[in-house]
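Data block below; observations after.
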Amino acid sequence: MRCVRGPLAAGEVTAIFLKVAVAADAPAGRPFTVRVRSGRLETTAKSSVGVRASGAAARFAADGRLAARVVGNALVSSAAPAAPCGAAAGDRERDSGVSVPVDLDRDPSTRTSSCADLDLPAGGKVLWAGLYWSGGGQGAVPAEDIRVRAPGMPGYTTLHAAEVARRNLPTGSGYQAFADVTSFVRTAGGGRWWVAGAPARTGTVRHAAWGLVVMAEDARQPYTRAVVLDAAAVVGSEDKALRLPLDGLAPGGAPARIDLMVWNGEGVRAGVITMNDRGGREDRSRADVLGQGDAGGVAVDTLHALLGPHPALQLATRRDPVFFGVAVVSARTWS
(Lines of atoms letter the chains of each structure in order from A; the text may use other names.)
(Lines give C-alpha, C1' and ligand atoms only; values in the text may rest on other atoms or scores of the structure.)
Protein backbone atom coordinates (compact mmCIF):
# COMPACT_ATOMS: atom_id res chain seq x y z
CA MET A 219 0.00 0.00 0.00
CA ARG A 220 1.22 3.50 -0.80
CA CYS A 221 -0.09 6.96 0.09
CA VAL A 222 1.21 10.50 -0.50
CA ARG A 223 0.90 13.53 1.77
CA GLY A 224 1.91 17.15 1.22
CA PRO A 225 4.79 18.79 3.10
CA LEU A 226 4.61 19.55 6.84
CA ALA A 227 5.57 22.86 8.38
CA ALA A 228 8.22 22.97 11.11
CA GLY A 229 6.86 21.44 14.31
CA GLU A 230 3.70 20.12 12.60
CA VAL A 231 2.49 16.59 13.35
CA THR A 232 0.25 14.37 11.24
CA ALA A 233 -1.49 11.00 11.60
CA ILE A 234 -2.59 8.80 8.70
CA PHE A 235 -4.97 5.86 9.00
CA LEU A 236 -4.04 3.10 6.54
CA LYS A 237 -6.56 0.40 5.74
CA VAL A 238 -4.55 -2.78 5.20
CA ALA A 239 -6.07 -5.87 3.56
CA VAL A 240 -4.58 -9.06 5.02
CA ALA A 241 -4.47 -12.10 2.75
CA ALA A 242 -6.13 -15.29 3.98
CA ASP A 243 -2.79 -17.13 3.78
CA ALA A 244 -0.72 -14.41 5.48
CA PRO A 245 1.67 -15.94 8.04
CA ALA A 246 0.59 -15.30 11.62
CA GLY A 247 2.89 -13.26 13.83
CA ARG A 248 4.83 -11.51 11.08
CA PRO A 249 5.01 -7.75 11.86
CA PHE A 250 4.10 -5.02 9.39
CA THR A 251 6.76 -2.66 8.03
CA VAL A 252 6.08 0.98 7.21
CA ARG A 253 8.51 3.11 5.22
CA VAL A 254 8.34 6.92 5.20
CA ARG A 255 10.28 8.90 2.62
CA SER A 256 10.67 12.62 1.96
CA GLY A 257 13.19 13.51 -0.72
CA ARG A 258 16.48 11.90 0.33
CA LEU A 259 15.28 11.24 3.88
CA GLU A 260 13.87 7.82 4.61
CA THR A 261 12.99 5.85 7.74
CA THR A 262 11.26 2.58 8.51
CA ALA A 263 9.24 1.24 11.45
CA LYS A 264 7.85 -2.17 12.37
CA SER A 265 4.65 -3.00 14.21
CA SER A 266 4.98 -4.43 17.73
CA VAL A 267 2.65 -7.33 16.86
CA GLY A 268 1.89 -9.17 13.65
CA VAL A 269 -1.04 -10.83 11.93
CA ARG A 270 -3.57 -12.47 14.26
CA ALA A 271 -6.32 -14.96 13.54
CA SER A 272 -8.76 -13.05 15.78
CA GLY A 273 -9.67 -9.46 16.58
CA ALA A 274 -11.37 -6.72 14.60
CA ALA A 275 -10.33 -4.34 11.86
CA ALA A 276 -10.60 -0.64 12.64
CA ARG A 277 -13.50 1.15 10.99
CA PHE A 278 -11.89 4.52 11.76
CA ALA A 279 -8.87 5.75 13.72
CA ALA A 280 -7.42 9.15 14.59
CA ASP A 281 -4.98 11.01 16.84
CA GLY A 282 -5.60 14.36 18.51
CA ARG A 283 -7.82 16.07 21.04
CA LEU A 284 -10.89 13.99 20.42
CA ALA A 285 -14.31 13.22 21.85
CA ALA A 286 -16.38 10.13 21.08
CA ARG A 287 -20.17 10.15 21.17
CA VAL A 288 -22.37 7.04 21.04
CA VAL A 289 -26.18 7.26 21.20
CA GLY A 290 -29.04 4.98 20.15
CA ASN A 291 -32.49 3.61 20.84
CA ALA A 292 -34.84 0.69 20.10
CA LEU A 293 -37.14 0.21 17.09
CA VAL A 294 -38.65 -3.05 18.26
CA SER A 295 -38.54 -4.10 21.90
CA SER A 296 -39.35 -7.27 23.80
CA ALA A 297 -39.38 -5.36 27.07
CA ALA A 298 -41.18 -2.30 28.43
CA PRO A 299 -41.45 0.72 26.06
CA ALA A 300 -38.17 2.18 24.85
CA ALA A 301 -36.75 5.12 26.75
CA PRO A 302 -37.74 8.40 25.06
CA CYS A 303 -34.83 9.70 22.97
CA GLY A 304 -32.32 7.26 24.36
CA ALA A 305 -32.60 8.35 28.00
CA ALA A 306 -31.33 5.92 30.63
CA ALA A 307 -34.00 3.56 31.89
CA GLY A 308 -32.60 1.83 34.94
CA ASP A 309 -36.05 1.00 36.30
CA ARG A 310 -37.24 -0.76 33.15
CA GLU A 311 -39.13 -4.03 33.44
CA ARG A 312 -37.52 -7.32 32.44
CA ASP A 313 -38.02 -8.91 29.05
CA SER A 314 -41.71 -9.75 28.60
CA GLY A 315 -41.12 -12.18 25.72
CA VAL A 316 -43.51 -10.20 23.49
CA SER A 317 -42.00 -8.03 20.74
CA VAL A 318 -43.65 -4.64 20.36
CA PRO A 319 -42.89 -2.03 17.65
CA VAL A 320 -41.63 1.30 18.99
CA ASP A 321 -43.10 4.34 17.20
CA LEU A 322 -42.49 7.68 18.92
CA ASP A 323 -42.47 10.30 16.15
CA ARG A 324 -46.25 10.72 15.60
CA ASP A 325 -45.62 10.46 11.86
CA PRO A 326 -48.27 8.32 10.13
CA SER A 327 -45.77 7.27 7.46
CA THR A 328 -43.62 5.34 9.95
CA ARG A 329 -44.36 2.05 11.70
CA THR A 330 -41.27 2.12 13.93
CA SER A 331 -39.34 5.19 15.06
CA SER A 332 -37.26 6.44 17.98
CA CYS A 333 -34.84 9.24 18.76
CA ALA A 334 -31.65 10.07 20.65
CA ASP A 335 -30.04 13.36 21.65
CA LEU A 336 -26.53 13.91 20.27
CA ASP A 337 -24.36 16.35 22.24
CA LEU A 338 -21.31 17.51 20.26
CA PRO A 339 -18.35 19.60 21.51
CA ALA A 340 -18.84 23.30 20.80
CA GLY A 341 -16.79 24.35 17.78
CA GLY A 342 -15.38 20.87 17.24
CA LYS A 343 -15.20 19.47 13.71
CA VAL A 344 -16.89 16.12 13.11
CA LEU A 345 -14.12 13.82 11.86
CA TRP A 346 -16.21 10.71 11.30
CA ALA A 347 -19.75 9.45 11.93
CA GLY A 348 -21.31 6.03 11.40
CA LEU A 349 -24.94 4.94 11.63
CA TYR A 350 -25.61 1.34 12.64
CA TRP A 351 -28.88 -0.58 12.82
CA SER A 352 -29.63 -4.15 13.78
CA GLY A 353 -32.45 -6.65 14.04
CA GLY A 354 -32.87 -10.27 15.00
CA GLY A 355 -35.52 -12.98 14.99
CA GLN A 356 -36.78 -16.11 13.26
CA GLY A 357 -36.23 -15.83 9.51
CA ALA A 358 -35.40 -12.13 9.73
CA VAL A 359 -34.12 -10.77 6.40
CA PRO A 360 -32.02 -7.60 6.88
CA ALA A 361 -33.47 -4.19 6.08
CA GLU A 362 -30.80 -2.50 3.98
CA ASP A 363 -32.55 0.89 3.98
CA ILE A 364 -33.21 3.12 6.98
CA ARG A 365 -34.85 6.53 7.37
CA VAL A 366 -33.08 9.32 9.27
CA ARG A 367 -34.32 12.75 10.34
CA ALA A 368 -31.61 15.19 11.38
CA PRO A 369 -32.12 17.91 14.00
CA GLY A 370 -34.28 20.74 12.73
CA MET A 371 -35.28 18.91 9.53
CA PRO A 372 -38.99 18.57 8.66
CA GLY A 373 -38.78 15.09 7.14
CA TYR A 374 -36.81 11.88 6.83
CA THR A 375 -33.95 11.02 4.46
CA THR A 376 -33.57 7.41 3.31
CA LEU A 377 -30.08 5.91 3.62
CA HIS A 378 -28.80 2.65 2.14
CA ALA A 379 -26.43 0.36 4.03
CA ALA A 380 -22.85 0.27 2.78
CA GLU A 381 -22.29 -3.05 4.61
CA VAL A 382 -24.53 -5.68 6.19
CA ALA A 383 -23.12 -8.40 8.47
CA ARG A 384 -25.31 -11.47 9.17
CA ARG A 385 -24.93 -13.72 12.19
CA ASN A 386 -26.69 -16.74 13.73
CA LEU A 387 -28.31 -15.94 17.09
CA PRO A 388 -30.14 -18.11 19.65
CA THR A 389 -33.40 -16.42 18.63
CA GLY A 390 -32.79 -16.99 14.91
CA SER A 391 -30.81 -14.85 12.50
CA GLY A 392 -29.43 -11.40 13.19
CA TYR A 393 -27.76 -8.63 11.26
CA GLN A 394 -25.87 -5.37 11.71
CA ALA A 395 -25.98 -2.73 8.96
CA PHE A 396 -23.64 0.24 8.58
CA ALA A 397 -23.68 3.54 6.67
CA ASP A 398 -21.09 6.33 6.75
CA VAL A 399 -22.94 9.53 7.69
CA THR A 400 -19.96 11.83 8.27
CA SER A 401 -21.07 14.57 5.89
CA PHE A 402 -24.67 14.28 7.13
CA VAL A 403 -23.73 14.76 10.80
CA ARG A 404 -21.10 17.40 9.96
CA THR A 405 -23.82 19.48 8.26
CA ALA A 406 -26.67 18.90 10.73
CA GLY A 407 -24.66 18.92 13.97
CA GLY A 408 -25.89 17.99 17.40
CA GLY A 409 -29.45 17.79 18.64
CA ARG A 410 -32.28 15.28 18.38
CA TRP A 411 -31.77 12.60 15.75
CA TRP A 412 -34.66 10.36 14.65
CA VAL A 413 -34.42 6.97 12.95
CA ALA A 414 -37.36 5.07 11.45
CA GLY A 415 -38.03 2.14 9.16
CA ALA A 416 -38.80 -1.54 8.96
CA PRO A 417 -36.27 -3.54 11.04
CA ALA A 418 -36.51 -6.45 8.57
CA ARG A 419 -37.97 -7.07 5.13
CA THR A 420 -39.47 -10.41 6.15
CA GLY A 421 -39.53 -12.71 9.16
CA THR A 422 -40.49 -12.37 12.81
CA VAL A 423 -38.39 -9.69 14.51
CA ARG A 424 -37.77 -10.09 18.24
CA HIS A 425 -35.57 -7.03 18.70
CA ALA A 426 -34.30 -4.14 16.56
CA ALA A 427 -32.42 -0.94 17.31
CA TRP A 428 -30.08 1.69 15.93
CA GLY A 429 -27.00 3.59 17.07
CA LEU A 430 -25.06 6.67 15.97
CA VAL A 431 -21.29 6.81 16.60
CA VAL A 432 -19.45 10.12 16.16
CA MET A 433 -15.80 11.15 16.51
CA ALA A 434 -15.23 14.90 16.82
CA GLU A 435 -12.49 17.33 17.74
CA ASP A 436 -12.63 18.72 21.28
CA ALA A 437 -9.97 21.21 22.37
CA ARG A 438 -10.80 20.54 26.04
CA GLN A 439 -9.69 16.90 25.87
CA PRO A 440 -6.14 15.56 26.37
CA TYR A 441 -4.22 14.23 23.38
CA THR A 442 -5.53 10.74 22.63
CA ARG A 443 -5.46 8.00 20.03
CA ALA A 444 -8.90 6.60 19.22
CA VAL A 445 -10.18 3.67 17.21
CA VAL A 446 -13.66 2.46 16.19
CA LEU A 447 -14.16 -1.34 16.16
CA ASP A 448 -17.34 -2.94 14.81
CA ALA A 449 -16.81 -6.69 14.65
CA ALA A 450 -20.55 -7.61 14.60
CA ALA A 451 -19.78 -10.67 16.74
CA VAL A 452 -21.87 -12.94 18.95
CA VAL A 453 -20.89 -12.66 22.62
CA GLY A 454 -21.18 -15.83 24.75
CA SER A 455 -20.23 -17.00 28.23
CA GLU A 456 -16.69 -16.80 29.66
CA ASP A 457 -15.40 -19.71 27.56
CA LYS A 458 -16.91 -18.11 24.43
CA ALA A 459 -16.14 -14.50 25.30
CA LEU A 460 -15.30 -11.93 22.64
CA ARG A 461 -11.73 -10.59 22.92
CA LEU A 462 -10.52 -7.66 20.83
CA PRO A 463 -6.74 -7.00 21.03
CA LEU A 464 -5.78 -3.35 21.61
CA ASP A 465 -2.00 -3.58 21.14
CA GLY A 466 -0.27 -0.49 19.80
CA LEU A 467 -3.04 1.91 20.77
CA ALA A 468 -1.13 3.57 23.62
CA PRO A 469 1.84 3.01 25.98
CA GLY A 470 1.41 0.46 28.77
CA GLY A 471 -0.45 1.86 31.76
CA ALA A 472 -2.28 4.50 29.72
CA PRO A 473 -5.82 5.35 30.85
CA ALA A 474 -8.52 4.59 28.31
CA ARG A 475 -12.19 5.37 27.83
CA ILE A 476 -14.25 2.70 26.07
CA ASP A 477 -17.70 3.54 24.67
CA LEU A 478 -19.70 0.40 23.89
CA MET A 479 -22.84 -0.38 21.93
CA VAL A 480 -24.28 -3.90 22.24
CA TRP A 481 -27.52 -5.02 20.62
CA ASN A 482 -30.01 -6.40 23.13
CA GLY A 483 -27.06 -6.40 25.50
CA GLU A 484 -28.51 -6.45 29.00
CA GLY A 485 -26.17 -8.15 31.47
CA VAL A 486 -23.04 -8.16 29.29
CA ARG A 487 -19.84 -7.90 31.35
CA ALA A 488 -17.06 -5.83 29.78
CA GLY A 489 -13.49 -5.17 30.91
CA VAL A 490 -9.87 -4.95 29.78
CA ILE A 491 -7.64 -7.99 30.23
CA THR A 492 -3.94 -8.67 29.63
CA MET A 493 -3.10 -11.35 27.10
CA ASN A 494 0.03 -13.49 27.41
CA ASP A 495 2.36 -14.33 24.53
CA ARG A 496 0.33 -17.45 23.71
CA GLY A 497 -2.90 -15.46 23.37
CA GLY A 498 -4.33 -16.62 26.70
CA ARG A 499 -5.75 -14.51 29.47
CA GLU A 500 -3.52 -13.49 32.38
CA ASP A 501 -5.24 -10.88 34.48
CA ARG A 502 -8.31 -8.76 34.27
CA SER A 503 -9.41 -5.31 35.33
CA ARG A 504 -12.73 -4.73 37.08
CA ALA A 505 -15.54 -5.68 34.73
CA ASP A 506 -18.63 -3.50 34.39
CA VAL A 507 -22.12 -4.81 33.67
CA LEU A 508 -23.71 -3.20 30.63
CA GLY A 509 -27.34 -2.77 29.75
CA GLN A 510 -28.71 -1.92 33.16
CA GLY A 511 -30.16 1.14 31.42
CA ASP A 512 -30.80 -0.77 28.18
CA ALA A 513 -33.23 1.04 25.89
CA GLY A 514 -34.82 -2.32 25.00
CA GLY A 515 -32.82 -3.18 21.89
CA VAL A 516 -29.43 -1.55 22.44
CA ALA A 517 -27.16 -1.05 25.45
CA VAL A 518 -24.95 2.05 25.28
CA ASP A 519 -22.44 2.37 28.08
CA THR A 520 -18.96 3.65 28.97
CA LEU A 521 -16.17 2.07 30.99
CA HIS A 522 -12.74 3.33 32.06
CA ALA A 523 -9.62 1.16 32.34
CA LEU A 524 -5.82 1.15 32.29
CA LEU A 525 -4.22 -0.50 29.27
CA GLY A 526 -1.49 -2.86 30.42
CA PRO A 527 0.93 -4.80 28.19
CA HIS A 528 -0.88 -6.68 25.40
CA PRO A 529 -4.34 -5.37 26.39
CA ALA A 530 -7.61 -6.73 25.02
CA LEU A 531 -11.22 -5.72 25.44
CA GLN A 532 -13.27 -8.70 26.68
CA LEU A 533 -17.05 -9.04 26.62
CA ALA A 534 -18.97 -11.99 28.05
CA THR A 535 -22.47 -12.78 29.29
CA ARG A 536 -23.83 -15.06 31.97
CA ARG A 537 -27.18 -15.25 30.20
CA ASP A 538 -28.10 -15.97 26.57
CA PRO A 539 -25.58 -14.93 23.90
CA VAL A 540 -25.97 -11.37 22.62
CA PHE A 541 -24.84 -9.39 19.58
CA PHE A 542 -21.84 -7.05 19.92
CA GLY A 543 -22.09 -3.86 17.88
CA VAL A 544 -19.40 -1.18 18.28
CA ALA A 545 -16.56 -0.20 20.61
CA VAL A 546 -14.84 3.19 20.53
CA VAL A 547 -11.54 3.04 22.44
CA SER A 548 -9.85 6.36 23.28
CA ALA A 549 -6.46 6.11 25.01
CA ARG A 550 -4.10 8.77 26.34
CA THR A 551 -0.78 8.83 24.48
CA TRP A 552 1.02 11.08 27.00
CA SER A 553 2.07 13.47 24.22
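Residue numbers (this note's numbering): 219 to 553. Where is the CB? At the ideal position from N, CA and C, for every residue including glycine. Computed from a predicted structure; not experimentally measured.
- Item | Cutoff 8 Å; reference Val-516; Cβ partners in own chain excluding five residues on either side | Gly-290, Asn-291, Ala-292, Ser-352, Ala-427, Trp-428, Gly-429, Met-479, Val-480, Trp-481, Asn-482, Gly-483 and Gly-543
- Between Leu-533 and Leu-464, which are expected to be in contact by the criterion C-beta below 8 Å, what is the C-beta distance as a whole number of angstroms? At roughly 13 Å, the Cβ-Cβ gap does not stay under 8 Å, so Leu-533 and Leu-464 are not in contact.
- Message: On the criterion of 16 or more Cβ atoms from any shown chain inside 10 Å, does His-378 qualify as buried, or is it exposed?
- Response: exposed
- Query: By the 10 Å Cβ neighbour count, where 16 or more other Cβ atoms means buried, how is Cys-333 classified, buried or exposed?
  - Reply: buried
- Within its chain, find whatever has a CB closer than 7 Å to the CB of Arg-496; leave out the 5 residues flanking it on each side and keep chain order. For Arg-496, the pLDDT reaches just 49, beneath the cut-off of 50, and the residue's location in the model is therefore unreliable, leaving the point undetermined.
- For Trp-411 and Lys-264, the rounded distance between their alpha carbons: 42 Å
- Message: Using only the alpha-carbon positions, how far apart do Leu-521 and Thr-400 sit?
- Response: 25 Å
- Query: Where do the ends of the beta strand (DSSP E) carrying Ala-276 lie?
  - Reply: 276-295
- Secondary structure of Thr-405, DSSP reduced to three states: helix
- Item | Identity of the residue in Arg-253, Val-240, Gly-282 and Asp-243 nearest Gly-342 by Cα | Gly-282
- Task: Can you tell me which of the three DSSP states Thr-400 falls into?
- Result: helix
- Excluding five sequence neighbours on each side, which residues of the same chain lie with their C-beta closer than 6 Å to the C-beta of Gly-392? Gly-354, Arg-385 and Phe-541
- CB Ala-286 to CB Ser-548, shorter than 8 Å? yes
- Message: Can you find the residues in the same chain that come closer than 7 Å, C-beta to C-beta, to Ala-383, ignoring five residues on each side of it along the sequence?
- Response: Tyr-393, Gln-394 and Ala-450
- Message: Please state the DSSP three-state secondary structure of Cys-303.
- Response: helix
- What is the rounded straight-line gap between the Cα of Leu-226 and the Cα of Glu-435? 20 Å
- Query: In three-state DSSP terms, what is Lys-458?
  - Reply: helix
- Item | As assigned by DSSP and simplified to three states, the class of Asn-386 | strand
- Cutoff 7 Å; reference Val-240; Cβ partners in own chain excluding five residues on either side: Val-269
- Item | Met-371 (DSSP reduced to helix, strand or coil) | coil
- Task: Give the DSSP bridge partners of Glu-191, in chain order.
- Result: With the chain running from 219 to 553 in the structure shown, residue 191 is simply not present.
- Pro-245 beta carbon less than 8 Å from that of Val-267: no
- Item | Residues of its chain near Gly-390, where Cβ-Cβ distance is below 8 Å and the 5 sequence neighbours each way are ignored | Gly-354, Gly-355, Gln-356, Gly-357, Ala-358, Gly-421, Thr-422 and Arg-424
- Using three-state DSSP, classify His-522 as helix, strand or coil. strand
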